[in-house]
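Chemist:
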Amino acid sequence: MKAPVSTAVAIGVGGVILLGYFLPVPYLTNLRLLLLQWAVFLAAAALFVAALNLSQHHWVRLTNRHEAGTSGLLLIALWGSFVLGLVYPLHSAAVRGLFRFLILPIGVALLGVLTVSLIYAALQMMRRRPGLFSVLFLTTAMLILLGATALPGIGPIPFLSDTLRPWLAQVPAAAGARGILLGVALGTVATGLRILLGSDRPYGE
Amino acid sequence: MTTLIGTLVGFALTLFVLSYFFFRDWVLFRWVMALFIGASAGYAAAIALREVLWPMLLRPLLVLRQPLLLLPLLLVLLMLTKAFRGKVSRWGNVAVAYLVGAGAAVAVGGAVLGTLFPQSAATMDAFNFRLMRGRGMSWGEFVITGSLILLGVVTTLAYFHFGARPQPRRSPRRRGWIEALARIGEGFIAVTFGALFAGIFLAAAAALAETAQSLWLFILTLR
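Going line by line, the protein sequences match chains A and B.
Using the working numbering, the first residue of the first sequence is number 1, and each one after it goes up by one.
Using the working numbering, the first residue of the second sequence is number 206, and each one after it goes up by one.
1. B:Phe227 versus chain A: which residues are under 9 angstroms apart at the beta carbon?
2. Quick check on A:Ser92: does DSSP put it in helix, strand or coil?
3. Which residues, in order along the segment 49–62 of chain A, keep a beta-carbon less than 9 angstroms from a beta-carbon of chain B?
4. Compute the distance between the beta-carbons of A:Ala77 and B:Leu240, then report whether it is under 8 angstroms.
5. For the segment 217–249 of chain B, list every residue whose C-beta sits within 7 angstroms of some C-beta in chain A, in sequence order.
6. Look up A:Ser117 in the DSSP assignment and say whether it is helix, strand or coil.
7. Return the Cβ separation of B:Ala409 and A:Leu114 in integer angstroms, given the expectation that the two are a contact with Cβ distance under 8 angstroms.
8. Going along the segment 69–82 of chain A in order, which residues come within less than 9 angstroms of chain B, judged by CB to CB distance?
9. Give a yes or no on whether the minimum CB-CB distance between A:Tyr203 and chain B is below 8 angstroms.
10. Check the Cβ of A:Ser6 against every Cβ in chain B and list those closer than 8 angstroms, keeping chain order.
11. Quick test of your reading: B:Ala417 and A:Ile144, contact by CB under 8 angstroms. State the CB separation rounded to the nearest angstrom.
12. Since A:Pro4 sits in a beta bridge, which residues does DSSP pair it with?
13. In chain B, what lies closer than 9 angstroms to A:Tyr21 by C-beta?
14. Going along chain A, which residues have a C-beta under 8 angstroms from B:Lys292?
15. State the Cα-Cα distance for the pair A:Val13 and B:Val311, rounded to the nearest angstrom.
16. Closest by CA to A:Gln170, which one among B:Phe322, B:Leu386, B:Phe289, B:Leu353?
17. Taking all protein chains shown into account, decide if B:Asn298 is buried (16 or more other Cβ within 10 angstroms of its Cβ) or exposed.
18. Kindly provide the ranges of any alpha helix (DSSP H) runs that are 4 or more residues long and lie completely inside the segment 242–307 of chain B, ordered along the chain.
19. Can you tell me the Cβ-Cβ gap for A:Arg100 and B:Gly211, rounded? I've got them flagged as a contact below 8 angstroms.
20. Is the beta carbon of A:Val108 closer than 8 angstroms to that of B:Glu415?
21. For B:Ala253 versus A:Ala44, is the C-beta spacing smaller than 8 angstroms?
22. Going by beta-carbon coordinates alone, are A:Ala3 and A:Gly204 separated by less than 8 angstroms?
23. Going by C-alpha distance, which of A:Ser92, A:Leu52, A:Arg96 is nearest B:Phe289?
24. Give a yes or no on whether the C-beta atoms belonging to B:Tyr303 and A:Ala10 are separated by under 8 angstroms.
25. Assuming B:Arg335 is part of the alpha helix (DSSP H), what are its boundary residues?
26. Which word fits B:Leu283, buried or exposed, when buried means at least 16 other C-beta atoms lie within 10 angstroms of its C-beta?
27. A:Phe155 by DSSP, collapsed to three states: which one?
28. Would you tell me roughly how many angstroms separate the C-alpha atoms of B:Gly341 and B:Phe347, rounded to the nearest one?
29. What residue range does the alpha helix (DSSP H) around A:Pro172 cover?
30. Can you give me, in chain order, the residues of the segment 150–171 of chain A that have a beta carbon less than 8 angstroms from any beta carbon in chain B?
31. Identify the continuous beta strand (DSSP E) that holds B:Pro373 and give its terminal residues.
32. Counting only beta-carbon separations shorter than 8 angstroms, does A:Thr29 have a partner in chain B?
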């Protein structure tokens, strides 16, 4: 077997945490919480490593003069916000300024760009994959959008707003969503068990 | 003064993002994206260090001298080797394995206790006449709604059944009855995605209106 230590760690830690979920033994529950707390430390460290890797990647691009301006800006923003986040507390004016004047305007504007992208994607879908699926998809989207709007002088559209839209959302859409959620959950269980049994080892050989 | 400069910067950044409508992926848009990604990543890393690693691991270890924390510290140090290139980074595999094992267990537990049981129970509730009558449903509505929900859930699940059998000189196909159920399920999935699309579109349109309004209000204050 390749990487026996890593595999043993993954199976051991995962097995104990999973048992802690289903067996109401206080000792096991405490052990599960302790192991999960350590996993939180590791997740934080992984986030830090990810930022370091991003920084390294853009440093190489900067030194190779490949889109140096973009990479330089990214590095300045990365290290600037990192130092800001370390030096100033969460609710300080500096951190709030970072969110209010940099992250929030860009995030909201990107969400605005998504509006046009969604319309474009819907039109592309009708052009590239015309069929019952596309017709059902777009008809539902249109009916729900129309049902959510109020026409000038009329207000909410009768029948559509008060009957059809809630029915669409609560019966066929909810049934489909439930099926998708159950499918995702079954897939998650299968994938998770493969990792816990050592069949899948996505942590390197 | 700081607020004015900040608002000006926010105004310019918003304009550069919205310039995507006209110039697509051009240099200013890419610069704003670099700023966004860099600032988000840097701040997230700082929060990980300031709010998790320092107060929960390093400080208790250095100040309160809790020896049990030496083990997670070792794992964290192993994880940090992943930032280096070459053979050193292999040491980090153990830490990644820990994280993957814990993540898989949490995912399995969450999927069983948080999705499979509650969603199955909610589907069964559609056949609880007393409950549905309490929600003002007639007998006819109860039968139609319950049957539709059951049909939707079962056929949607059938759509995700990929146990196809190999066939001589033909591409593998699912069994006929599963294929028929999957076709019905595809319709329910289309309706679900349509409803989700409409919800996301409404949120995005609201954000676009908010952005346009804030830009306009800022221009008015400059006048």
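The beta carbon of each residue, even a glycine, is placed where N, CA and C say it ideally should be.
The structure presented is a predicted model; accordingly, all values stated were derived computationally and were not measured.
Modeler: A quick look at the data gives this:
1. Neighbours of B:Phe227 on chain A: none; closest Cβ ~11 angstroms, over 9 angstroms.
2. coil
3. Val49, Ala50, Ala51, Leu52, Asn53, Leu54, Ser55, Gln56, His58
4. yes
5. Leu218, Thr219, Val222, Leu223, Tyr225, Phe226, Arg235, Trp236, Val237, Ala239, Leu240, Phe241, Ile242, Gly243, Ala244, Ser245, Ala246, Gly247, Tyr248, Ala249
6. helix
7. 4 angstroms
8. Gly69, Thr70, Ser71, Gly72, Leu73, Leu74, Leu75, Ile76, Ala77, Leu78, Trp79, Gly80, Ser81, Phe82
9. yes
10. Asn298, Val299, Val301, Ala302
11. Contact flag wrong, Cβ pair sits at about 23 angstroms.
12. Per DSSP, none; premise fails for A:Pro4.
13. Ala310, Val311, Val313, Gly314, Gly315, Val317, Leu318
14. None at all; the shortest Cβ gap to chain A is about 12 angstroms.
15. 11 angstroms
16. B:Leu353
17. buried
18. 264–267, 275–285
19. 7 angstroms
20. yes
21. yes
22. yes
23. A:Leu52
24. yes
25. 334–339
26. buried
27. It should be pointed out that residue 155 of chain A corresponds to Gly in this sequence rather than to Phe. Three-state result, A:Gly155: strand.
28. 10 angstroms
29. 172–196
30. Leu168, Ala169, Val171
31. That residue, B:Pro373, is in no beta strand (DSSP E); it is neither H nor E in DSSP.
32. no
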